[in-house]
Amino acid sequence: MKILQSPAVKVGLSISIATGLYGISFGALSVASGLDLWQTMALSLLLFSGGSQFAFIGVVSGGGTGLAAMSASALLGIRNGIYGMQMNALVGPRGWRKLPAAHVTIDESTATASGQTDPVEQRRGFWTAGVGIFLLWNVFTAVGALAGNALGDPKAWGLDGAAVAAFLALLWPRLKGKEPVAIAVVCALATLLAVPFVPSGVPILVAAAVAAAIGWFTHKPVPEGLAPDIEPYPEPYSEHDCAHMQLPDADVRRGPDHPTGRGEA
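Counted from 1, the sequence shown has number 214 at position 214 by this note's numbering; the numbering is strictly sequential.
#1: Given this structure, state the Cα-to-Cα distance separating Thr65 from Lys2, to the nearest angstrom.
#2: Where Leu135 and Ser61 are concerned, what is the direct C-alpha to C-alpha distance, given to the nearest angstrom?
#3: Report yes if the C-beta distance between Ile57 and Asn80 is below 8 Å; otherwise report no.
#4: DSSP state of Gln116, grouped into three classes?
#5: If contact is defined by three or more beta carbon pairs under 8 Å, each pair taking one atom from either stretch, is the stretch 135-144 in contact with the stretch 109-124?
#6: Who are the Cβ neighbours of Ile183 in its own chain at under 7 Å, not counting the five residues just before and after it?
#7: What's the C-alpha gap between Ile78 and Phe197?
#8: Report all residues from its chain with a CB closer than 6 Å to the CB of Arg124; omit the five preceding and five following residues, and keep chain order.
#9: With H, G and I counted as helix, E and B as strand and the rest as coil, what does DSSP make of Arg123?
#10: One question on the structure: do Leu43 and Ser30 come within less than 8 Å of each other, judged by their Cβ atoms?
#11: Select from Gly92, Ala129, Pro180 and Leu90 the residue whose C-alpha is nearest the C-alpha of Val104.
#12: Assuming Thr191 and Pro180 make a contact with CB atoms under 8 Å, what is their CB distance in whole Å?
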């Protein structure tokens, strides 16, 4: 099979183009928030997580401290660590590939790999989406940053609140179901109430604390128990019949020489 005919590669390339183009908005909003070209590029090259990057510049543009911006960014970046555990089992990078694999483990590369059933296609999808988005995101971040510098004063164009608006545009489509929407509304209210009383950048941390508290106190156990997303066995788990979790029966423990033991072949 030619590599460009691979279903995973096709999906990865299309996602790379669509997501990479969005880097233009990040670059423009970043310089509008007060960062220069090199700081903007450093965020895209080293942080490389769209939601975390928009959260960072959103706090900065609101007058928040660097610590508040980093905290908000880190909270959103936790999900990438969870993705990393799944992708390590699914893709199985070895040696020097582990570091770049960790860096390009994002929403899109995880989704592209998880959407495939063939192990080879899973690896192709992961690397195509991850590396493709990394390259295009950084190229278009530079384009957006240069365009943003050319615009001049962001307040003259109404761009001073655009970073927050862009972050909300990223977040809202991800909310599925009544419960996530209700939690988002409660957190938004908590943010609004906190604004007059705490320094800039802290309200978003208050919202995160409220969301964590809601999740902690409303957690419902899953009746079926917790199962791994990635099956650790080469064949379906049900075929093992949980044998590896069962204690040997009493007669087997006593051995074949015991009076009541089973010595049959």
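Yeah, the Cβ is synthetic: ideal placement off N, Cα and C, and Gly gets one too. Treat the numbers as computed from the prediction; the structure is a model and nothing was measured.
By the coordinates alone:
#1: The count along the sequence shown starts at 1 and reaches residue 65 at position 65. The count along the sequence shown starts at 1 and reaches residue 2 at position 2. Spanning the two alpha carbons is a distance of roughly 50 Å.
#2: Sequence index remark: in the sequence shown, residue 135 carries index 135 (1-based). Sequence index remark: in the sequence shown, residue 61 carries index 61 (1-based). Those two C-alpha atoms are separated by around 26 Å.
#3: Here residue 57 refers to the residue found at position 57 when the sequence shown is read from its first residue. Here residue 80 refers to the residue found at position 80 when the sequence shown is read from its first residue. No. Outside cutoff.
#4: Locating residue 116 in the sequence shown gives position 116, where the first residue counts as 1. Coil at Gln116, not helix or strand.
#5: Output reads no: the stretch 135-144 does not touch the stretch 109-124.
#6: In the sequence shown, residue 183 corresponds to position 183, counting from 1. Counting only residues of its own chain and dropping the five nearest sequence neighbours on each side, Ile183 has a CB closer than 7 Å to the CB of Ala211 and Ile214.
#7: Counting from 1 along the sequence shown, the entry for residue 78 is found at position 78. Counting from 1 along the sequence shown, the entry for residue 197 is found at position 197. So the two alpha carbons sit approximately 27 Å from each other.
#8: One-based indexing of the sequence shown puts residue 124 at position 124. So the list reads Ser6, Ala8 and Val9, once near-sequence residues are dropped.
#9: Position 123 of the sequence shown, counted from the start, is the residue given in the question as residue 123. In this structure, Arg123 counts as helix in the three-state DSSP scheme.
#10: Counted from its first residue, the sequence shown places residue 43 at position 43. Counted from its first residue, the sequence shown places residue 30 at position 30. Going by C-beta atoms, Leu43 is nearer than 8 Å to Ser30.
#11: The sequence position of residue 104 within the sequence shown is 104, counting from 1. The candidate whose alpha carbon is nearest that of Val104 is Ala129.
#12: Counting from one through the sequence shown, the residue named residue 191 turns up at place 191. Counting from one through the sequence shown, the residue named residue 180 turns up at place 180. Cβ-Cβ separation between Thr191 and Pro180: approximately 16 Å, too far for a contact (criterion under 8 Å).
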